[in-house]
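K.L.:
Mind having a look at this structure? Questions to follow.
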Amino acid sequence: MNPVDSSGTNNLAQATSPYLRQHADNPVHWQQWTPQALAEASARDVPILLSVGYAACHWCHVMAHESFEDDEVAAVLNAGFLAIKVDREERPDIDAVYMNATVALTGQGGWPMTCFLAPDGRPFFCGTYYPKAAFLQLLSAISEAWRERRGEVEQASDHIAGELRSMASGLPGGGPDVAPQMCDNAVAVVLREQDTTHGGWGNAPKFPPSALLEGLVRHYERTGSRAALQAVSRAGTAMARGGIYDQLAGGFARYSVDNAWVVPHFEKMLYDNALLLRAYAHWARRTGDPLAQRVATETARFLLDDLAEGDLFTSSLDADADGREGSTYVWTPAQLVDMLGADDGRWAAGIFAVTQPGTFEHGTSVLQLLSDPDDPQRLQRVRAVLLAARLTRTQPGRDDKVVTSWNGLAITALAESSVALQQPELAEAAQRCAKTLLDLHLVEDRLRRASLGGVVGDSAAILEDYAMLATGLLALYQLTSDAAWLTAAAGLLDTALAHFADPQRPGRWFDTADDAEQLVLRPADPLDGATPSGASSIAEALLTAAHLVDGVRAERYLQAAADTLREHSILLARAPRSAGHWLAVAEAAVRGPLQIAVAYDGAQSALLAAARRLAPGGAIVVGGHVDSSALLAGRDRVDGADAAYVCRGPVCDLPVTSADELAAALGSGSRM
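In the numbering used here, the protein residues as written are 152 to 823.
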């Protein structure tokens, strides 16, 4: 979309990324990442300044204000560099390549990411945020090195590019088949490493362990491990009561800047909230915990009320409003009294931990809810008044970009939470999203990464887009029995197998397609991070689909899923905290996975509803009449009664006809 403006001016105004559009008025002559831009750098014989960020990034805004909006900095950049701006969410492949370089060179990463490249894309210097004075000094040093010590620059570029390729090819792979003991060992390591004081894992900045929570819930369902459930409860409760959770409108911020979940980095991401919705909903369904139930319900409402744009879900809410981080969300005791009156104001200050010194900046506090008050009606009234007052403040900006994979996560979470929360309207929202997303983002049988305002972008989808959307479509098929969802999911998986699987190493996956733009290296990162990796996500989709399709396709999917789990099983042994989604998929795999097929006639079935309520996470549940799906081939009602067929992998039990019999057949999977 408006790839390169050869007149040497800023060409970001027509980008399909709100982040790029934020920089459209900069005096810097920004260009988008295209082959033409790289060719222009070569023709001018200047290095490339690559700046990577995203719309909700606080420090990206700071560097933009200090440097990219500054005429002095712009003059230096325009004269001696080809400046390229990239949205990491629209081009995660570019972000992955140069983040690896940044971490390798500096020991840490982050955004904004600031990299200097040779015209062919080889990096030779990388960093993150620079204040204006330091940035000008850096530009001067880079220019001098480019002019006076070009040989050293070329040598450094070659060395770094070689090291990146070596790192990518040297990722550990291969191991034994996943087995119960492997999952048990991984969970034992994870439990030893948890923060038993504040919940969660690691130190500040502290990120929600979304996929790990889901994996631990599934482990509890399989083994009955109270320790695993306690870890979920400890982390889930601490986050839900802390400042990282929006105590007025629901939804989670991206991370906490402290160990105790008190002060968040205030941006709210679709992917965090979709993943956490799934985890809290499964926790609530399995235990009946009222806090988990409330938080799951409120997080689903946050998705629908604050991030939905038509049928689709936008990417994020900014950390800043009017250039001040968190200003929308924080309070002083005096403000509470002004809004609520003296009695309710003082009561609210105690309930929400709003103090005179404050927990944030300038005597302000982030709202927490450290315990439930004795008067829930009063709390509900106070929350409503404060939320209405908060809406009169300047609101954070919203990144309206629609990302395929993140919408896939939302589809899965809404579909599954509709069962856990008994809210069918959530499944209806998931179906609308899936239909619109397929109509817009599937172009000539290939997915695109993102769209804006109903206009799909040019960037090709990556592995996670195919995998996460396929998983969402499979969830919808299980809920609706509509074969169109299964057909669409299988088409995505067939494309993924054809274009992303490594033909030389069964079970290994690249994050970009074989016919995508060739970068310095072809990224293939199997570790789970803030979102599950593409590889673990495709394993989940393949494992599920293998039991919903039939024939040769089923065999191919099952073999690919087994190869993928085996290729990456070493992660569960060596880095289980970075393999949370791998754990969730492995827990499903070692159960067979569990399949429940309910044969029934009519519009609905109480036995099917019971199956969905009782089935553990990762189980496959379908319903319909005999021969209506692969799992119901030759399986009919029994003596005029609806019948449930329970299978673990290829081994099946005799059919049962009551919810009690089904609960007994599921064994540990029916723990409440």
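Yeah, the Cβ is synthetic: ideal placement off N, Cα and C, and Gly gets one too.
Please tell me whether Glu365 and Ala739 are closer than 8 angstroms, where the distance is taken between their beta carbons.
P.N.:
Here residue 365 corresponds to residue number 214 of the sequence shown, with the count starting at 1. Here residue 739 corresponds to residue number 588 of the sequence shown, with the count starting at 1. No, they are not a contact pair.
K.L.:
Do you know offhand how far Ala697's Cα is from Val773's?
P.N.:
Position 546 of the sequence shown, counted from the first residue, corresponds to residue 697. Position 622 of the sequence shown, counted from the first residue, corresponds to residue 773. The straight-line gap from Cα to Cα measures roughly 14 angstroms.
K.L.:
Mind checking Asp221: buried by the 16 CB within 10 Å criterion, or exposed?
P.N.:
Within the sequence shown, numbered from 1, the residue matching residue 221 stands at position 70. When all chains shown are included, Asp221 counts as buried.
K.L.:
DSSP three-state label for Asn293, please.
P.N.:
On the sequence shown, residue 293 is found 142 positions in, with the first residue counted as 1. Sequence check: residue 293 is Ile here, not Asn. In the structure shown, Ile293 sits in a helix (DSSP, three-state: H, G or I).
K.L.:
Report the option in Asp523, Ala493, Thr483 and Leu530 whose CA atom is closest to the CA atom of Ser516.
P.N.:
Within the sequence shown, the letter at position 365 stands for residue 516. Checked all of Asp523, Ala493, Thr483 and Leu530; the closest Cα to Ser516 is Thr483.
K.L.:
Assign Pro169 to one of three DSSP states: helix, strand, or coil.
P.N.:
In the sequence shown, the residue the question calls residue 169 occupies position 18. Helix.
K.L.:
Take every Cβ of the stretch 410–419, pair it with every Cβ of the stretch 521–534, and state whether three or more of those distances are shorter than 8 angstroms.
P.N.:
In short, these stretches do not touch, since the Cβ pair count stays below three.
K.L.:
Give me, in chain order, the residues of the same chain whose beta-carbon lies closer than 7 angstroms to that of Asp676; leave out the 5 immediate sequence neighbours on both sides.
P.N.:
In the sequence shown, counting from the first residue as 1, residue 676 sits at position 525. These residues qualify, in order along the chain: Ala247, Asp662 and Ser684.
K.L.:
Measure the beta-carbon distance from Leu672 to Leu315 and round it to whole angstroms, keeping in mind my assumption that it falls under 8 angstroms.
P.N.:
Residue 672 sits at position 521 when you count from the first residue of the sequence shown. Residue 315 sits at position 164 when you count from the first residue of the sequence shown. Right, the Cβ-Cβ distance comes to about 5 angstroms (below 8 angstroms), so this counts as a contact.
K.L.:
Where does Thr450 land, buried or exposed, given buried means 16+ other C-beta within 10 angstroms?
P.N.:
On the sequence shown, residue 450 is found 299 positions in, with the first residue counted as 1. Under this definition Thr450 is a buried residue.
K.L.:
Going along the chain, which residues of its own chain have a beta-carbon closer than 7 angstroms to the beta-carbon of Arg704, five neighbours each way excluded?
P.N.:
On the sequence shown, residue 704 is found 553 positions in, with the first residue counted as 1. Closer than 7 angstroms at the Cβ level, and outside the excluded window around Arg704, lie Ala641.
K.L.:
Where do the ends of the alpha helix (DSSP H) carrying Val536 lie?
P.N.:
In the sequence shown, counting from the first residue as 1, residue 536 sits at position 385. Note, Val536: alpha helix (DSSP H), Pro527 to Arg541.
K.L.:
Hey, which unbroken runs of the alpha helix (DSSP H) at 4 residues or more fall wholly within the stretch 234–278?
P.N.:
Counting only runs of 4 or more, we get 243–257.
K.L.:
For Trp166 and Ala330, what's the separation of their Cα atoms in angstroms?
P.N.:
Your numbering for residue 166 matches position 15 in the sequence shown. Your numbering for residue 330 matches position 179 in the sequence shown. The sequence shown places Ala at residue 166, not Trp. C-alpha separation (whole angstroms): 47 angstroms.
K.L.:
Taking only the alpha-carbon atoms, compute the straight-line gap between His719 and Gly350 and give it to the nearest angstrom.
P.N.:
Residue numbering aside, residue 719 sits at position 568 when the sequence shown is read from its first letter. Residue numbering aside, residue 350 sits at position 199 when the sequence shown is read from its first letter. Rounded to the nearest angstrom, the two C-alpha atoms are 27 angstroms apart.
K.L.:
From Ala724, Trp262 and Ala255, pick the residue whose C-alpha is nearest to that of Phe276; which is it?
P.N.:
Mapped onto the sequence shown, residue 276 falls at position 125. Ranking Ala724, Trp262 and Ala255 by Cα distance to Phe276 puts Ala255 first.
K.L.:
Please confirm whether Arg405 and Asp423 have their CB atoms less than 8 angstroms apart.
P.N.:
Start at 1 with the first residue of the sequence shown, and residue 405 comes out as number 254. Start at 1 with the first residue of the sequence shown, and residue 423 comes out as number 272. Yes. Within cutoff.
K.L.:
How would you label Asp625, buried or exposed, when you count the other beta carbons within 10 angstroms and need 16 or more for buried?
P.N.:
To locate residue 625, count along the sequence shown from 1; it is residue 474. The amino acid at residue 625 is misidentified as Asp; the sequence shows Leu. When all chains shown are included, Leu625 counts as buried.
K.L.:
If you follow the alpha helix (DSSP H) that Gln332 is part of, which residue opens it and which one closes it?
P.N.:
As a working mapping, residue 332 is identified with position 181 in the sequence shown. Pro331 to Arg343 is the extent of the alpha helix (DSSP H) around Gln332.
K.L.:
For Gly272, which residues from the same chain have a beta carbon less than 8 angstroms from its beta carbon, with the 5 sequence-adjacent residues on both sides left out?
P.N.:
Here the question's residue 272 lines up with position 121 in the sequence shown. Excluding positions up to five away in sequence, the list reads Leu189, Ile199, Leu670 and Val671.
K.L.:
To which residues of the same chain is Phe358 closer than 6 angstroms at the C-beta, ignoring the five residues directly before and after it?
P.N.:
Locating residue 358 in the sequence shown gives position 207, counting from the first residue. Only Tyr406 meet the Cβ criterion.
K.L.:
Starting from the N-terminal side, write out each stretch of the alpha helix (DSSP H) that is 4 residues or longer and does not extend beyond the stretch 393–471.
P.N.:
Runs found: 421–438 and 441–453.
K.L.:
Spatial neighbours of Pro472 within its chain, please: C-beta separation below 8 angstroms, excluding the five flanking residues on both sides.
P.N.:
Locating residue 472 in the sequence shown gives position 321, counting from the first residue. The sequence shown places Ala at residue 472, rather than the Pro named in the question. Excluding residues within five positions, the ones whose Cβ falls inside 8 angstroms are Ser478, Thr479, Arg544, Thr545, Gln546, Pro547 and Gly548.
K.L.:
Pop quiz: Pro848 and Leu694 are said to be a contact at Cβ under 8 angstroms. What is the actual Cβ separation, rounded to whole angstroms?
P.N.:
The question about residue 848 has no answer here: the residues shown for the chain are numbered 152 through 823.
K.L.:
Under a three-way DSSP split, which group does Ala207 fall into?
P.N.:
Counting from one through the sequence shown, the residue named residue 207 turns up at place 56. Reduced to three states, the DSSP call for Ala207 is coil.
K.L.:
Which word fits Pro527, buried or exposed, when buried means at least 16 other C-beta atoms lie within 10 angstroms of its C-beta?
P.N.:
The sequence position of residue 527 within the sequence shown is 376, counting from 1. When all chains shown are included, Pro527 counts as exposed.
K.L.:
Which runs of the beta strand (DSSP E), 3 residues or longer, sit entirely within the stretch 715–789?
P.N.:
Those beta strand (DSSP E) runs which fall completely within the stretch 715–789 and span 3+ residues are 745–750 and 771–775.
K.L.:
Between the C-alpha atoms of Pro243 and Ser809, what's the straight-line distance to the nearest angstrom?
P.N.:
Looking up residue 243 in the sequence shown gives position 92. Looking up residue 809 in the sequence shown gives position 658. Distance between the alpha carbons of Pro243 and Ser809 is about 48 angstroms.
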